[in-house]
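Have a look at the structure below before the remarks.
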Amino acid sequence: MVIRTCVGCRQRADKTTLVRVVADRDDTGWTVEPDPGGSRPGRGAHLHPAERCLKLALDRRAFVRALRLEGPVSTDAVAEWVRVEAARRA
Numbered sequence: 001m002v003i004r005t006c007v008g009c010r011q012r013a014d015k016t017t018l019v020r021v022v023a024d025r026d027d028t029g030w031t032v033e034p035d036p037g038g039s040r041p042g043r044g045a046h047l048h049p050a051e052r053c054l055k056l057a058l059d060r061r062a063f064v065r066a067l068r069l070e071g072p073v074s075t076d077a078v079a080e081w082v083r084v085e086a087a088r089r090a
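Quick look at the structure:
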């Protein structure tokens, strides 16, 4: 069992219960995207697939800090993924 910490709630959990997120750069800045397979290159952070954890991570600017980003950061892709996963699990 591999343990990771959720950047939102800061709870430690098994890696399989968290989703990995990575940052991708384009012309407008950084985009934080989900990496459910955990295979994309680069620095990653982990998040519970729950809107509560997403809100905590956004309020604390945890993605910027954990992924070591500077400049504009879009988290729309992660927010959409979390909404879909929360609806699917409900």
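So the sequence shown is residues 1 to 90, counted in UniProt numbering. Ideal placement from N, C-alpha and C gives every residue a C-beta, glycine not left out.
Check	Outcome
Cβ shell of A57 (< 7 Å), same chain only, five flanking positions each side left out	V7, G8, L47 and F63
Rounded distance between the beta-carbons of R83 and E51, thought under 8 Å	7 Å
Residue(s) in a DSSP beta bridge with D26	G29
Euclidean distance between Cα positions of P36 and A79	14 Å
CB contact check: W30 to chain C, cutoff 8 Å	Considering every chain present, this structure includes no chain C. It has just one protein chain.
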